[in-house]
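Below: the structure, in structure tokens.
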Amino acid sequence: MKKLVILGGGYGGLALIQELFSGYLPPDVEVVLIDRMPYQGLKTEYYALAAGTVADTAVRVKFPVYDRLQIVYGEVTSIDLEKRLVNLTNNDPVEYDQLAIALGCTDRYHGVPGAEEFTFSLQSFSASRETYLHLNNLRPYGHVHIIGGGLSGIELAADLRESRPDLNIAILDRGQRVLSSFPNRLSAYIHRWFEEHHVDIHSGVSVSRVEKDAVYNLDVPIATDLAVWTAGIQPVKVVQDLDLPKDRSGRIMLNEWYQVPSHPEVYVIGDCASLPFVPSAQAAGAQAEQVGHVMKALWRDDTPKVSPLKLKGTLGSLGKHAGFGLMGSTSVLGRVPRILKSGVLWKSKRHY
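Start counting at 1 in the sequence shown, then tack on 16, and there's your number in my numbering.
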């Protein structure tokens, strides 16, 4: 038997499983999924979990059940590429013949002193729940600062405004406008929404350090009761520790079939893979489908055919009644993109 081990039951890992089991799977291939949780956490919705606008049961999905899928629970601590071995906490090491690394990302603190110690995170299910507990327990009219004006920071600020209308909420962004890589029209709409809902946006902020009760813009302290970090991501430490060629963001360089060139039995999916896209659930899922096609072709002794990845666009929410989207070069604003995002979430819960 050949053992294919998939690390991570997130968007990429589960999309690969779905692709493999949707067609012919050779009888001599055994598939093993390794994850630290007994369910998939819908990471694109962790902002809502942290804000308290959804219950934790709303952002988790049961793993699929297949006769030839084995699930092993444990935290991956290291990967031995030479011995083809995955080491776990509280479980025996797992050998593999083929490996798919889909472990996702963690916060990138850019060397800012105190950032990891004194800010809260959205990068895992448990971290988002911890963030919720502290936000929920804040004194009335407390001050919350969200560091980073990207998609996660915007969605968290908007949902937090709905769940805690008393709080003083501010986004601290390094750029001159939130979502600076998006069209001006889209950013302007978000700025207007926040102005109408009394969420402050501070642009041009260079966070130099974080303390228990303050975020520093260079040498100027900004008093805070709680700070949430949404200002950057990087591959998880297990991937950082691999001695492999990586791009400037720390993502593993791959060949055209998404394999590690020096170890073609190893595939890398999603946030850990060097792709021509910003890391996202959509990119991870689309790439994972192609990895499934590659694996099937090689099992048949065929030459894989891989087309360039094409993404459908980006959707974001501003609370439960407004949203924004970018489809190609077209900005979509208001109620419609929020409805579309709800539809995408509904579909993602019913893949299996």
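Note that CB positions come from ideal geometry on N, CA and C, so glycine has one too.
Nearest residue (CA-CA) to Y157, options G169, E305, D182: Closest in alpha carbon position to Y157, among G169, E305, D182, is D182.
Same chain, Cβ closer than 6 Å to L49, five either side skipped, listed in chain order: Closer than 6 Å at the Cβ level, and outside the excluded window around L49, lie I22, G25, I87.
Alpha carbon of V254 to alpha carbon of A300, nearest angstrom: Near 18 Å, if we compare the C-alpha coordinates of A300 and V254.
For Y274, the first and last residue of its enclosing alpha helix (DSSP H): No alpha helix (DSSP H) holds Y274; DSSP gives it neither H nor E.
Reduced DSSP category for D163 - H, G, I as helix; E, B as strand; rest coil: It should be noted that the sequence gives Ile, not Asp, for residue 163. Here I163 carries a strand assignment [DSSP, helix/strand/coil].
Alpha-carbon spacing of V282 relative to L20, whole angstroms: Their backbone Cα atoms lie some 10 Å apart in a straight line.
Proximity below 9 Å, CB of L334 to CB of E211: The beta carbons of L334 and E211 sit no closer together than 9 Å.
Environment of P353 [buried if 16+ CB atoms lie within 10 Å]: Buried, by the Cβ-count rule.
Residues of its chain near I206, where Cβ-Cβ distance is below 8 Å and the 5 sequence neighbours each way are ignored: If we look at I206 and ignore the five residues flanking it on each side, its Cβ neighbours are I170, V194, L195, L334, F340.
Cβ contact (3+ pairs, closer than 8 Å) linking the segment 240 to 259 and the segment 122 to 134: As far as the Cβ criterion goes, the segment 240 to 259 touches the segment 122 to 134, which means the pair count is three or higher.
Exposure label - I187; buried when at least 16 CB within 10 Å: It is buried - the Cβ of I187 has at least 16 other Cβ atoms within 10 Å.
Contact test: P80 Cβ vs the ligand FAD heavy atom, cutoff 8 Å: Looking for the ligand FAD in the displayed structure turns up nothing, as the structure carries no ligands at all.
Buried or exposed (CB count within 10 angstroms, at least 16 for buried), S144: Residue burial annotation: S144 is buried, with at least 16 other C-beta atoms found within 10 angstroms of its C-beta.
Burial state of H337 (16 or more Cβ within 10 Å): The Cβ neighbour count for H337, taken over all protein chains shown within 10 Å, is under 16; the residue is labelled exposed.
Beta-carbon proximity of Y274 to Q303, cut-off 9 Å: The criterion of a C-beta distance shorter than 9 Å is satisfied by Y274 and Q303.
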